[in-house]
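Chains as they are written, first to last, in the working numbering: chain A, 1 to 351; chain B, 1001 to 1351; chain C, 2001 to 2351; chain D, 3001 to 3351. Just so it is clear, CB atoms sit at the ideal spot from N, CA and C, and this is done for glycine as well. Here is the structure we will look at.
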C-alpha cells in the first residue's frame, strides 16, 4: 500500500473537528498526524473523544497549533476554528508551505466589503481572499485542484446553492422571488457550552433564529447570482431542529412563463446526471434528512404547483459531513491529486 | 358547587380524544360522562389510557357510540372521528338533540364543491354545512355561542389564520404572494399503526409531506380571503417534526408600499390587544413550540426585512390543545354559556 | 375569593425555579410575589421565560435575594439554590421570620457527618438540621404541617423510597440485596451551560453517570432504613435519558421466604390505598415516564419473578414536578394550612 | 480487483435487512445480488429505501424468496425473517447448497426443550440445531469458519455475554446474584406497524417491557453458564429507550471474596487484549450508546463498589450493527474465508 498523505487538523474540539476525525479514521489515502487544540493539548485524542478508541486515531496526542510543526509534519491542513481567527491562521499555514482547507467563512465571500458588512469585522488578508477557491466541488472542481487555499462552503449554502443551481442556470424561475426556509440540526450551533443549546432547551421543540440576517445569506446570493448571471437577493431564514445532523431547505420559487413540470425535471436531470452526490428523487418522493445521514449526498425533490405557479425545491444534506467536514475532505482529495470521493463513499446511517 | 354539565366524546382512541380526556379531567364545569369507541367498548378508560388512573376519568367505561344514549346522558358531544364518518354522526347527534363540536374537517368549508374537490368525497349533509359555525373563537365567538354545530378549526389553519389576520385585515401585505411553510409535531399524523410514523422513521429526522395539496389549504384560503376581502390563493406546505406536539408556521408575505415595521407592529398590537390567547412577542423574540405546550396560546413573532421588503410572521400553537381539543373545549364553553377560558387557563409545560 | 397567600422564590433561573413558576402560575391560593436571581434582577420574568407571558407571572420583576424584603413581602419562601448556599440562605430567611421549603440537599440528611462525607463540605447550620422535616408528604405530612423548615426530598429518593416503602415496611424482601437502577431525564442535570448536557451530547444516546457514589444514596438509605427498622445499604446507580422530564427506577430486591406475588400485592395495595398520588398499576401494566409528565404521581408496577426469587419494583415520577417543585408546593400547602393537593391536581401531559 | 462473493438476503423489509443493505453497500468483497420480500417483490430496492439511491444497491430488484434461485445466484444467504419461519427457510437454503447466517433465534439455543419452552412453539429442525454454530465471533471464530449454518446472536445477549465473560471466566463474581438491567433503542422492536412503537408513544418517555420473561434470557444463560462452568440463572430485564440504535446493559454482580478493582481490571484487560472490537475503557470512563453507533464495538466500563461489594459492568453495543447485521457480516466473512473485519472497520457516527 502506498504511504498515506499526512494531514493536520487545527481545531479538533468542535463538531466539525469531531466529524473530520470520524472520516479520516477510515480514509484509505490520508493520515491524520496532527490534531490541535490549545485547551486540550497534551492528551490523547481518545481522552476527548472516547469513541475514537481503537480506531487508529485514539492515541494521537493533541498538540498546540504551531505552523512550523504542522508544515513539517503535514502536506495539508484543515482549519476548523472560528471566523476571524481563521484568516490569520490560514495565512500563517500557507506561508509555512501548507495547503489549507478552511472550514470557516473567512474566504468564502469574494467581496471584502460584503464580508465586513455581514461579519462586522475587518478582513485582514485581502490577498488570500482573491486567491481562495470556493470549494463547492460540483461547481469548482477544476479550480480546487489547483488551489492552495480552499474556502469550504457553509452548510446552508451547500444545500441552497445545489438546490437552486439547475433552475437558475436554466433560467426557469423568477430571480426576484426566492424564499429559502431552512431547518438545521442542532450540531450546526456548535459544541460550545451555552444554555440555548442544552438538551432541555432544544429537545421536543422547534424555533426560528437569526431572522432575517443569517450570515450565510451573502454566500448564497454570491453563488446563485453567478449561476443566474444577474444579481439576486434571497430571503433566507433559518430554524433549529431537535436532531443531531441534517439540513432540509424548502426553497420557494416562482416559475417563469413557459416553465412547467417537464422542463423543470429535464433541467434538474441534466444538471444532476454527472454529479453522483446530487441525488434527484422521482416525482412524489421528497428528501428526508436521515437519508443523507453521515454522507456526501445532497438530495433533491421537486414540487411544481400549478395552482400557485411555483416550483418548490426540497434540498437535504448532512450539515456536518456534506456541509462541512466531508466536503472539506473532498476538497482536500482534489488538492492532493486523489479522486474526489476517496474515503467518502459512505452509505447513509439508517435509521 | 353547581352540578357540572354533562358531555360526551365520540371517538376516544386518537390523540385528540386523548387530549380531550386530559383537559376534561380537570374542567371545573364540564363532566365527561360518555367516551365511545367501537373497538374498545366495555373496558374502563384507564385500561386504554393508564395515565388517567386516579383522575376521575379512569373508571369511565368506554361505550358504543349510540346517539340515543348520548342524547340522554349529555348536553353536548365532541366528535373526534375521521372526516366523512363525522358528517353522518354529527347529523344523528343533532337530530337526537345534542349540541356538537366536530373536530373533523366535514363542516369547515362553507362551499360544498370545494370540500368535495379537496376531500374527494361527496358531502351528504349540505343543510348542516350551511348551519355550522367555524369555531375560531377569536373571530367567531358570537356565532359560536348560538350554534348547535361548530366546525372546530384545523390545527394548521388555526396557526396560519391567526398569524395572517392582522396583516390582511389591515391591508399591509400583498395578497398574491403568501407562502406558508408549516411544521408539525408527529401527533398531527394521528394514532393509527403505520410504518411511516414509527419512532425510528420519524426520530432524528425531518421531512416535508403532502406538497402541494394539503387539505388544510382551502380552509386557510377561505378564512384569509374573508379577512382580506378578496380571494387569496396561498402556497401552503407542510413538514413533520420529531416532536410530540406543536406547530410552527413561518409565513412569508410581501409588504405593500408604505407598510413598515411600525405600521405592522401597530396592526398586530391592535388585533391582539383584546385576545388573551394570542401572544404577540416583542421584536427580537420569536416563538418556540415548547412555549405553548399544552396550552391555548397562539404565539406570534414578527420580522420585517427591509432588504427583501418582506414581513415574515412566525406563528406557534400546540396542535393538540389549541389546534384541536382545547379549542373544542373553548367552543363548547361558549355553546354552554360558560366563559370561553373555563378549564383552559393552563400554563405551558416547560421544559 | 379569599386573598392569596404571598410566597417567594429564591433562585428562579434553574429548571426547578422554572417549574415552580409554572405551577404557581395557576395556584388558586398562593401568589408568587417575589422571584430572585442575582444575575437577572431588574427585568420582568417573561424576559427570561417568554412562556410565562400572559400568565400573570410574566410581569413580575426579578429581584435581588434580600431576606428582609422577602420577609416583608411573603409568608413562605421556596429555596432553589445549590446546596451549601442553601443552608446559609435558609438560616437568614428563617431568622427573618419566613417559613422555608428548601429544594437543595442541605437539610435532608439527619446526620451531619453523613452529609459532610457525601457532600465534601462542612455543615454550618446544625441546629436547623435537627429541626428540618423531610418533606415526603406520604410519610411525614403531620410533621410538615408544623414545620418552619422543610427539606424537600431529592428526585431519585422520592421514586426509590416510595417504591420500596411497602415491601420494606411489611418485611417482604431481604434488606441486604437491594439494587436501584435509576434513569433520569436531562432536566435533572440542571440548566447550567455545559458541554456534557448540550443537545448533541445527550440526544439519541444513553449513558450511566456518577457510579457508584451518587449523592442521593445516603438520603435513600436513611429513609429506607427507617422504614425497615434496620440499617440498609443500597446499590444506587444512575443514568441520563434523552428526555426532558421523568425518572424511572427499576428496583431489584430478593423476596424473603414465604413472600409471593399475593403477599406483595396485598402489602402494596395496603400502602397505596390512602395515598392518591401513589398509583399502583395492576399486574401486567408497568409505568412509563410520560404517564406522570407534569404531575405529582408516583406510579408503581410490580413484577414477581419465581425463577429468580426476586421482586422487581418499577417506580416512575416526574423529576421536576413530583421530584422537586410540585412536591415543594405540596409541602408549602401543608405548612400554610391548605389541603396538600391545592393547585396540584394536574392531569398528565400525554403525549 | 478480485470478483466479489455473491450473497443474498432473505427478508429485506425490517431494520436488520435495512442495516445489512447499508453495510453491504460498501463491502469490498461481498456483493448483494438478491434481496427478497414477498410483499415488495418486483420493485427496485430504492423504491423501498430511497436512501440507497446511488449506492449500487438502489437498482437491485427485490425478488421472491426462492431457494433454487438463491442457490444459483449466491454462495451464502442472510436470513432476516421471524423465528419459526427461519428454521424452515434455513433448512431449504442449506439443502439447496447455500451457507446460511440466520439472524433469528431459531438456532441459538442448543437445547430443543429450552427453545420450545421459551418460544412456545415446536422446533422442527433438530438436526440443524445441533449443527448450528453460535456466532459470537470473539468466542467461536474457529467453529464459525467451518460452519454451514450460523445462529447469529441476539442483540441483548451479545452485550450481556461479552460484558460478563471476563468476570465469569476468571471466577471473580458470585454466579447466583447476577442482575442485568438492559435498555434498548426502539429499532429493537422491529419495523412492523404498531401503535406501541409510534413516535408519539415512545419519544420523550421511557418504559420497561417484557419483564421477567424476555426470550433472550435462556440464550444469555446458556452462554454465561458455559463460560462459568456451572449453571447460572440471571435476572434479565429490558427497557425501551427513545433512541434509534443502541443497547446499554448495566450488569450487577457481587464480587467473590478476594476479588477487587485490580484483579477485576486485570481479568478484563486479559480478555479484551486480543479482541479489537471489545473496547475496555479506563476507570472513570463509562460507555455511551452513541460511541458505538453504526459499529461493531462492544464497549465496556467497570465500576467496583467497595461499599456494596459489587462489580457493576456497563456494556454498550449498536443493536442493529454489532447486535444483528454487522455481526452477521462478520460471521459471513469467516464462513467465506475473509478476514473477520472485512467491510466492518466503521468509525462511530458522532454525534
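C-alpha distance - residue i paired with residue j, whole-angstrom precision
i	j	result
residue 1019 (chain B)	residue 2036 (chain C)	35 Å
residue 1063 (chain B)	residue 1043 (chain B)	8 Å
residue 2069 (chain C)	residue 2010 (chain C)	12 Å
residue 1175 (chain B)	residue 1184 (chain B)	25 Å
residue 2024 (chain C)	residue 2347 (chain C)	16 Å
residue 1135 (chain B)	residue 1156 (chain B)	14 Å
residue 3073 (chain D)	residue 3093 (chain D)	12 Å
residue 2054 (chain C)	residue 1340 (chain B)	16 Å
residue 3328 (chain D)	residue 3336 (chain D)	12 Å
residue 3226 (chain D)	residue 3112 (chain D)	17 Å
residue 1101 (chain B)	residue 209 (chain A)	37 Å
residue 106 (chain A)	residue 2291 (chain C)	50 Å
residue 362 (chain A)	residue 28 (chain A)	Past the edges of chain A, shown from 1 to 351, lies residue 362 (chain A), and the structure says nothing about it.
residue 2078 (chain C)	residue 2344 (chain C)	16 Å
residue 71 (chain A)	residue 7 (chain A)	9 Å
residue 219 (chain A)	residue 1308 (chain B)	16 Å
residue 2294 (chain C)	residue 2139 (chain C)	22 Å
residue 1199 (chain B)	residue 2089 (chain C)	46 Å
residue 3058 (chain D)	residue 3032 (chain D)	11 Å
residue 108 (chain A)	residue 133 (chain A)	8 Å
residue 1012 (chain B)	residue 2351 (chain C)	14 Å
residue 2178 (chain C)	residue 3248 (chain D)	21 Å
Beta-bridge pairing of residue i - partner residues as DSSP gives them
i	result
residue 153 (chain A)	DSSP output for residue 153 (chain A) lists no bridge partner at all.
residue 1173 (chain B)	B:1255
residue 3310 (chain D)	D:3254 and D:3305
residue 3279 (chain D)	D:3299
residue 3077 (chain D)	D:3008 and D:3100
residue 183 (chain A)	A:239 and A:248
residue 2208 (chain C)	C:2239
residue 1288 (chain B)	A:207
residue 198 (chain A)	C:2198
residue 1362 (chain B)	Here chain B comprises residues numbered 1001 to 1351, so residue 1362 (chain B) is not present and cannot be evaluated.
8 Å contact criterion, which residue i and residue j should meet: CB distance rounded
i	j	result
residue 2270 (chain C)	residue 2242 (chain C)	Their Cβ separation, rounded to whole angstroms, is 37 Å, which puts residue 2270 (chain C) and residue 2242 (chain C) out of contact at 8 Å.
residue 251 (chain A)	residue 186 (chain A)	Going by Cβ atoms, the distance from residue 251 (chain A) to residue 186 (chain A) rounds to 22 Å, so no, they are not a contact pair.
residue 280 (chain A)	residue 311 (chain A)	That pair is no contact at about 14 Å.
residue 103 (chain A)	residue 16 (chain A)	5 Å
Chain G residues whose Cβ lies nearer than 9 Å to that of residue i
i	result
residue 134 (chain A)	Any reference to chain G falls outside this structure, whose protein chains are A, B, C and D.
Mind listing which residues of the stretch 1173 to 1189 of chain B have their C-beta closer than 9 Å to chain D's C-betas, in chain order? 1185, 1186, 1187 and 1189
Give the residues from the stretch 2098 to 2121 of chain C that approach chain B closer than 9 Å (Cβ to any Cβ), ordered along the chain. When CB distances to chain B are screened at a threshold of 9 Å, not a single residue of the stretch 2098 to 2121 of chain C falls below it.
Would you mind listing the alpha helix (DSSP H) stretches within the stretch 3013 to 3037 of chain D that are 4+ residues and don't spill past its ends, in chain order? 3015 to 3024
Relative to chain D, which residues along the stretch 2201 to 2212 of chain C have a C-beta separation below 8 Å, given in chain order? 2201, 2203, 2204, 2205, 2206, 2207, 2208, 2209, 2211 and 2212
Whole alpha helix (DSSP H) elements within the stretch 2101 to 2166 of chain C, 4-residue minimum: As far as the stretch 2101 to 2166 of chain C is concerned, its whole alpha helix (DSSP H) runs of at least 4 residues are 2112 to 2119, 2126 to 2131 and 2137 to 2145.
Chain B contacts made by the stretch 2050 to 2079 of chain C, where a contact means CB separation under 8 Å: 2050, 2051, 2052, 2053, 2054 and 2055
Residues of the stretch 1211 to 1231 of chain B whose Cβ lies closer than 7 Å to any Cβ of chain A, in chain order: Near chain A, meaning a CB-to-CB distance below 7 Å, the residues of the stretch 1211 to 1231 of chain B are 1211 and 1212.
Along the chain, which unbroken stretches of the beta strand (DSSP E) at least 3 residues long are found entirely within the stretch 1316 to 1346 of chain B? none
Residues of the stretch 305 to 322 of chain A in Cβ contact with chain B at a cutoff of 7 Å, in chain order, please. Taking 7 Å as the Cβ-Cβ cut-off against chain B, the residues of the stretch 305 to 322 of chain A that qualify are 305, 307, 308, 310, 312 and 314.
At a Cβ cut of 9 Å, what residues of the stretch 1285 to 1296 of chain B count as close to chain A, listed as they run along the chain? 1286, 1287, 1288, 1289, 1290, 1291 and 1293
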